[in-house]
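Reading through the structure tokens given below for one structure.
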Amino acid sequence: MLSEADLPLRFVGQGVYLDFLGPQDEPWLRVLLAEFSRFEGRRRRELCERLAEPLPCETPYYKRRAATRVLLRLWKRESVAVVSPSAARARLFGAASGSDLARASVFAAVASEWGVSPEALHESLFADLPGERIVRAPDPYPSASEVALRTNLAVAQTVLMRASSLALRVEGAARPIVRLAKLRGLLCTVSVPTSPTSIDARSAAAAATTANGTHGQVLEISGPFSLFRHTLLYGRALAELLPHLAWCARFEIHAACALRGRIAYVSLATGDPIFPAVPPAPFDSRLEERFVRDFARLAPDWDVIREPEAVRAGATLIFPDFLLRHRIHPERRVLVEIAGFWTPEYLTAKLKHLREARLANAILCIDDDRACADGQIPAGLSVVRFRRRVDAQAVLREVERLVLKQAVAATG
-4 MLSEADLPLR
6 FVGQGVYLDF
16 LGPQDEPWLR
26 VLLAEFSRFE
36 GRRRRELCER
46 LAEPLPCETP
56 YYKRRAATRV
66 LLRLWKRESV
76 AVVSPSAARA
86 RLFGAASGSD
96 LARASVFAAV
106 ASEWGVSPEA
116 LHESLFADLP
126 GERIVRAPDP
136 YPSASEVALR
146 TNLAVAQTVL
156 MRASSLALRV
166 EGAARPIVRL
176 AKLRGLLCTV
186 SVPTSPTSID
196 ARSAAAAATT
206 ANGTHGQVLE
216 ISGPFSLFRH
226 TLLYGRALAE
236 LLPHLAWCAR
246 FEIHAACALR
256 GRIAYVSLAT
266 GDPIFPAVPP
276 APFDSRLEER
286 FVRDFARLAP
296 DWDVIREPEA
306 VRAGATLIFP
316 DFLLRHRIHP
326 ERRVLVEIAG
336 FWTPEYLTAK
346 LKHLREARLA
356 NAILCIDDDR
366 ACADGQIPAG
376 LSVVRFRRRV
386 DAQAVLREVE
396 RLVLKQAVAA
406 TG
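Take the sequence shown: its letters are residues -4 to 407, numbered as in our numbering.
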């Protein structure tokens, strides 16, 4: 992470604007990369001395500081020594303390014992210190655009590390986000607010309102100490969520952050230029993959969103496999859960959670080869049975039936 002194940001009222790097910064980033390349195989201390001097072109001060920190962390450092530096120091200092010989003579005598040249011994003496390590470029070598994205990620993560509370709206691939939040010891609750009551009225309203004007689902994420004081104890865990959000269909973050002696509100959203994490596996099984392919071909007017949102089921959260949403009429929404290869215990637990969730607009697809009694199915839950492959046509018919039922109820 970066220090606050490295952050390219501007305060605007109670909010803070992150000055992200973009294509306009790539010319000077290429110059900065060229300086790093010049010092390939040389000591890190020498590279840092050069970076403390001006570049041969105009550069934004804070952006350059942030990019330099990111590149220094990206470049590898290795200790290159013909003899162990700690052993060399112990032998040389011991020999010098018990002898009246000149410095060069002590070096020559100790080097002779180890069968190396005095110059090589001198190079090895402090080779394990951070500034004396040799810098090596990463492989593959980053482009200027990649450096910009990595720097933006570091800036955003550093800001989120100072968050005392955070509201996150996620659509698509939400399950890995909640899983990671829980693994990092964060407190995660789900709400569908009817009014903006979280971090900041304007920010929360933006986070919770969807394009059609209804309030959407919000994940409230914080650390266990946030109730008492602002702390960095869980800040790193909050920051770890950020690169994974890039793979969600949509996300919005609104956070209250302690920055430069004040509390400021920061917003991040889909489209912000940040470096993503390694992409998650697109599907849990071939069964899901085939269903998505079949349904997308059969119903081009419907979007298929994987792991769309968390649903409260008693004391836990469940994540339906898919959300089917009409592209022109987004209020037409149906959740789909596929129970393919399951054990009796797994199915019992899944049905229990679905029963507690009381989903009115959901379809459960069950493999008919693994018979499930109708009495076990939660009341009001639509069921599509299949063998080896989910019948996309049957699912579409059930979707149309549910949508019509909702429309009749709305006009009723």
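Note that beta-carbon positions come from the ideal geometry of N, C-alpha and C, so glycine has one too. Just so it is clear, the structure is predicted and the values come from calculations on it, not from any experiment.
- An exposed status is given to leucine 178, since fewer than 16 other beta-carbon atoms sit within 10 Å of its beta-carbon.
- Per DSSP, the continuous beta strand (DSSP E) segment holding aspartate 362 begins and ends at 357 to 362.
- Ranked by Cα distance from leucine 155, the first of Val111, Leu330 and Leu254 is Leu254.
- From the listed residues Leu293, Val390, Val261 and Arg128, the smallest Cα separation to phenylalanine 6 is found for Val261.
- Residues of the same chain with a CB within less than 8 Å of the CB of arginine 396, apart from the 5 flanking positions on each side, are Ser377 in chain order.
- Bridge pairing for tyrosine 260: Gly10 and Ala251 [DSSP].
- The criterion of a C-beta distance shorter than 8 Å is not satisfied by alanine 234 and isoleucine 269.
- Straight across, the Cα-Cα distance linking leucine 27 with leucine 50 is about 7 Å.
- The secondary-structure analysis by DSSP pairs isoleucine 172 with nothing; it has no beta-bridge partner.
- Per DSSP, threonine 406 is one residue of the alpha helix (DSSP H) stretching across 387 to 406.
- At a Cβ-Cβ threshold of 8 Å, tyrosine 12 and leucine 2 do not count as neighbours.
- Taking all protein chains in view, the Cβ of glutamate 44 is surrounded by fewer than 16 other Cβ atoms within 10 Å, so the residue is classified as exposed.
- Secondary structure at valine 273: coil, using DSSP grouped into helix, strand and coil.
- Contact between proline 171 and histidine 249 fails: their C-beta atoms lie close to 21 Å from each other, not under 8 Å.
- Valine 101 has no beta-bridge partner at all, per DSSP.
- Shown here, glutamate 48 sits in coil according to DSSP, grouped into three states, outside any helix or strand.
- Note: arginine 281 is not bridge-paired with any residue in the DSSP secondary-structure output.
- In terms of Cα proximity to serine 32, the closest of Leu46, Asp20 and Gln19 is Leu46.
- With respect to glutamate 332, cysteine 243 sits apart: the two C-beta atoms are not nearer than 8 Å.
- The DSSP assignment places 306 to 308, 311 to 313, 317 to 321 and 328 to 334 as complete runs of the beta strand (DSSP E) inside the segment 301 to 347, in order along the chain (cut-off: 3 residues).
- Rounded to whole angstroms, leucine 116 and leucine 87 show a C-alpha spacing of 10 Å.
- DSSP lists Ile358 as the bridge partner or partners of serine 377.
- Under the DSSP assignment, glutamate 235 falls in the alpha helix (DSSP H) whose first and last residues are 230 to 240.
- Residue environment for aspartate 316: buried (at least 16 other C-beta atoms within 10 angstroms of its C-beta).
- The three-state reading of DSSP puts aspartate 1 in helix, counting H, G and I together.
- With a cutoff of 8 Å on beta-carbon distance, asparagine 356 and glutamine 388 are scored as not near each other.
- At the C-beta level, isoleucine 361 and arginine 392 stay beyond 8 Å of one another.
- Residue burial annotation: arginine 301 is buried, with at least 16 other C-beta atoms found within 10 angstroms of its C-beta.
- Each of Ala76, Thr54, Asp134 and Ala291 was checked against the Cα of proline 113, and the nearest Cα belongs to Ala76.
- The three-state reading of DSSP puts phenylalanine 88 in helix, counting H, G and I together.
- With a minimum length of 3 residues, the unbroken runs of beta strand (DSSP E) contained wholly in the segment 104 to 162 fall at 129 to 131.
- For glutamate 21, there is no enclosing beta strand (DSSP E); the enclosing alpha helix (DSSP H) has its first and last residue at 21 to 33.
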